[in-house]
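Q:
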Amino acid sequence: MNIFGKIFGVAAVALSVLGGTASAGTIDDIRARGVLRIPAILNEVPYFNKDPRTGEWNGFVIDMASDIAKMLDVKLEVVESSWANAILDVQSGKVDMAFAVTATPVRALSVSFSDPTYYNSFVIVSAKEEIAGKTWKELNDPKYTFAVDLGSAQDLITQQYLPNANILRFKTRDEAIVAVTTGKADGLVNTMLNGLVISKKAPTIGAVQVPTPVLSTPSVIAVNYGGDEVFKSFVSAWAEYNRRIGNNQTWILKSLEPFGITLTDMPVGFGFGG
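Letter by letter, the sequence shown follows residues -24 to -1, 1 to 250 in mature numbering (1 follows the signal peptide of the UniProt record, and there is no 0).
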């Protein structure tokens, strides 16, 4: 059986169970409540953005979550949160799932992960020509100074791949960006999606550079460990199906359109499908 046959098979099984053959469980609870709850973060484009006039949320995560809510025949409820608190929101049951989570072993101790919704890569945003074309090994040198937001997935990457470089760690990404634009750091370590948006919003910071080897990481949906297996299977089937047929990439690219970013802006070899 080919990969699409497997995906359609898993999705069909999950949806048949959703149709009413399952005993009371996580999906029944969501349907009884009438809403699917997710955490969202202010001003985190392209993931989330809240219109200050209407209060309406948009972004590719909202599109993804709305699709799942539609399948479950419930409304989407957005709970304002932060990247630091999103996992805690899932653990506490404040929300049903959290999107755009980088799957790390440490986080897997706290929540359950779905199959990947898309793949992201770690990059360096820099205006310095000597950064371009370098390997992570070549950049792992005390002569280079990089900025990163403390405790993030990209911070973990600096600890693993740039232990000898000078790393400036900041509480927020904006502070890290300022460090680069003011010349305190040679570049910003972040992810492909964030890097593309940052380079468009603040051109003086430079361009997205992809050190080799390309470090690709899965972005997943986090769900509570207490959720039943039917719910977890359904979420994973949704993630795999929409990633494989390109829906997730379509939603991501739609959210990047306001910044003038298209597939042609993606570095050679990069693909959201992994």
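The beta carbon of each residue, even a glycine, is placed where N, CA and C say it ideally should be.
Quantities reported herein were computed from a predicted structural model and do not represent experimental measurements.
(1) Pick out whichever of Asp204, Glu106, Gly69, Asp5 has its Cα sitting closest to the Cα of valine 50.
(2) Let me know the secondary structure DSSP gives isoleucine 100 once reduced to three states.
(3) Determine contact between the stretch 12 to 23 and the stretch 218 to 238, defined as no fewer than three beta-carbon pairs at a distance below 8 Å.
(4) Please list the terminal residues of the continuous alpha helix (DSSP H) segment that includes phenylalanine 210.
(5) Give the C-beta separation of glutamate 53 and valine 11 to the nearest angstrom, bearing in mind that I take them to be a contact with Cβ-Cβ under 8 Å.
(6) Can you tell which of Trp214, Ile197, Asp204 has the C-alpha that lies nearest to the C-alpha of phenylalanine 75?
(7) Alpha carbon to alpha carbon, how far is phenylalanine 210 from methionine 73?
(8) Tell me alanine 123's beta-bridge partners as DSSP assigns them.
(9) Going by DSSP, which residues form a beta bridge with isoleucine 14?
(10) Report the option in Ser97, Pro139, Pro194 whose CA atom is closest to the CA atom of asparagine 170.
(11) DSSP three-state call for tyrosine 95: helix, strand or coil?
(12) Would you list the one or two residues that DSSP bridges to tryptophan 33?
(13) Contact check, valine 184 vs valine 99 under 8 Å by CB: the rounded distance?
(14) Please classify threonine 93 as buried or exposed, where buried requires at least 16 other C-beta atoms within 10 Å of its C-beta.
(15) Could you work out which residue in Met242, Leu239, Gly249 is closest to asparagine 218 when comparing CA atoms only?
(16) So the alpha helix (DSSP H) serine 68 belongs to, where does it begin and stop?
(17) Tell me whether phenylalanine 248 sits in a helix, a strand or coil according to DSSP, three-state version.
(18) For alanine 108, count neighbouring C-beta atoms within 10 Å of its own C-beta (all shown protein chains included) and say buried if the count is 16 or more, exposed if not.
(19) Is isoleucine 237 helix, strand or coil by DSSP?
(20) Would you tell me roughly how many angstroms separate the C-alpha atoms of isoleucine 237 and arginine 7, rounded to the nearest one?
(21) Where DSSP assigns a beta bridge to proline 194, which residues make up the other side?
A: Walking through what the data contain:
(1) Asp5
(2) strand
(3) yes
(4) 205 to 220
(5) 4 Å
(6) Ile197
(7) 12 Å
(8) Leu144, Leu164
(9) Val54
(10) Ser97
(11) strand
(12) Lys26
(13) 5 Å
(14) buried
(15) Gly249
(16) 59 to 68
(17) coil
(18) exposed
(19) coil
(20) 37 Å
(21) Tyr95
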